[in-house]
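If you're matching positions, the sequence shown starts at 164 in the numbering used here and goes up one per residue. Notes follow once the structure below has been shown.
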Amino acid sequence: VTLGLEVLNRYETNLLNTAEQAMEFLAEVDEANVKVHLDSYHMNIEERSLRQAVLTCGDKLGYVHVGESHRGQLGTGNVDFVQLFWGLAEINYTGPITFE
């Protein structure tokens with residue numbers, strides 16, 4: 164069983180708001196089956212760079228949601244999907260990507 168911890172924006176929770184915070188938490192948990200779940204909607208609010216957030220997680224990234232900044236169709240808001248997918252390619256991510 165793999166447990167995914169979704170990183171949410173500060174308006175929805177105060178636990179894990181950035182990839183860096185998620186990685187610090189994973190270091191404390193120290194279990195191989197616990198992974199980070201990133202969501203472009205939340206990343207767009209909290210992260211300075213979507214690419215860097217993905218690189219921060221590296222092989223601990225287990226799941227990705229893609230959604231636009233206003234929850235509309237992809238490409239109609241301001242999420243930088245090119246940057247996000249560049250990061251995913253750089254870490255050779257092969258896990259699930261779900262449009263939400």
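We put the beta carbon where it would ideally sit given N, CA and C, even for glycine. Since the model is a prediction, treat every value here as computed from it, not as a measurement.
Start and end residues, beta strand (DSSP E) containing residue i
| i | result |
| --- | --- |
| HIS228 | 224-229 |
Exposure of residue i, with buried meaning 16 or more beta-carbon neighbours within 10 Å
| i | result |
| --- | --- |
| THR165 | exposed |
| GLU210 | buried |
| GLU191 | exposed |
Span of the alpha helix (DSSP H), counted from its first residue to its last, around residue i
| i | result |
| --- | --- |
| GLY167 | Unbroken run through GLY167 is the beta strand (DSSP E), 166-169; no alpha helix (DSSP H). |
| VAL192 | 182-192 |
Nearest-angstrom Cα separation, counted from residue j out to residue i
| i | j | result |
| --- | --- | --- |
| LEU171 | LEU224 | 15 Å |
| GLU187 | ASN180 | 12 Å |
| GLN236 | GLY230 | 8 Å |
| ALA195 | TYR226 | 15 Å |
8 Å contact criterion, which residue i and residue j should meet: CB distance rounded
| i | j | result |
| --- | --- | --- |
| LEU251 | CYS220 | Not quite, the Cβ-Cβ distance comes to about 10 Å (not below 8 Å), so this is no contact. |
| HIS233 | THR261 | Rounded, the Cβ-Cβ distance is 18 Å, inconsistent with contact. |
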